[in-house]
Amino acid sequence: MDSSSQLFPAIVTLLAVVVAIIGAFFGSGAVGGDGVTDSAGGWLDADATPIAPASSAFSIWSVIYVGLAAYAIWQLGRTARSSERQRRLRPWIAGSALLNAAWLGVVSLDTLIGSVLVILVLLAVLIRTLLLMMATRTSGWVETLLVDGTMGLYLGWVSVAVAANITAWLAGGVGLDGFDGWELATVAIVTVAAVIAMALAFFTRGRLAPAIATAWGLAWIAVARTEGQFESQTLVWTAAVASAAVVVAVVVARLRRERSPETV
1 MDSSSQLFPA IVTLLAVVVA IIGAFFGSGA VGGDGVTDSA GGWLDADATP
51 IAPASSAFSI WSVIYVGLAA YAIWQLGRTA RSSERQRRLR PWIAGSALLN
101 AAWLGVVSLD TLIGSVLVIL VLLAVLIRTL LLMMATRTSG WVETLLVDGT
151 MGLYLGWVSV AVAANITAWL AGGVGLDGFD GWELATVAIV TVAAVIAMAL
201 AFFTRGRLAP AIATAWGLAW IAVARTEGQF ESQTLVWTAA VASAAVVVAV
251 VVARLRRERS PETV
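Going by UniProt numbering, 155 is the number at position 155 of the sequence shown; the sequence numbering is gapless.
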């Protein structure tokens, strides 16, 4: 493939990642205004719903953004611009970056239903990205780390965020004060999330990054339920066991497959 033909798509991808990072900077509230946790009526805060992970869980975004930035720079190189794999992945990775920025923008407008719609589209884009990564061979460990690793973490974390976002929307609409079954409902949500993550671990033959990010999110849900208005030992144990189960599943899945350089 002629590397010059992919220069424009590579630049577009770089700009998309820059937009996502700038959006994250403003979304954090670092330059004034409400951050994500203060927007949308506060329903996305760490103690707003029983499925919300503790605040420290969101530090995974720093890793994802660093990975996206490194990828955006790497994919400008001649080797990456000559890669058929990158030609197929660029639009989806750029799209995921722009959707992340769009989600932050929608949240800043206090529109929970809008945020749910955007994050569901983002999840679909990340799933498509995963399928493309699985269908194409990586060029080496650098690409494996920057592409498969970063996008795997992105997918795993967004999988948890989808559950939290939908719960926040439902809670914001109907409230949880009169809902006595919130604990049982949360157990069900966490269990389903863990089962899906475990199935994904086997489907991908042991890709570590998605499982690690999902397990991370579930673990911080457990931490968040040790205090606050939704304190619950049942949820602490459920989320902790779910997190451990995802880790065990991906280890077993990885041991069952033959080693392959593109699996991260």
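Think of the CB as a built atom: it goes at the ideal place given N, C-alpha and C, for glycine as much as any other residue.
query                                                                                                  : result
Residue 201 beta carbon less than 9 Å from that of residue 252                                         : yes
Uninterrupted beta strand (DSSP E) stretches inside the stretch 79-118 (no shorter than 3 residues)    : none
Delimiting residues of the alpha helix (DSSP H) encompassing residue 73                                : 60-74
Exposure of residue 81, with buried meaning 16 or more beta-carbon neighbours within 10 Å              : buried
Touching by the beta-carbon criterion (3+ pairs, under 8 Å), the stretch 129-136 and the stretch 45-53 : no
Reduced DSSP secondary structure (H/G/I, E/B, other) of residue 5                                      : helix
Meets three-Cβ-pair contact criterion under 8 Å: the stretch 8-25 and the stretch 92-105               : yes
As assigned by DSSP and simplified to three states, the class of residue 45                            : coil
Cβ neighbour criterion (16 or more within 10 Å) applied to residue 62                                  : exposed
CB contact check: residue 145 to chain B, cutoff 9 Å                                                   : Protein chain content of the structure displayed is limited to a single chain, and chain B is not contained in it.
Endpoints, alpha helix (DSSP H) assigned at residue 255                                                : 233-256
Secondary structure of residue 16, DSSP reduced to three states                                        : helix
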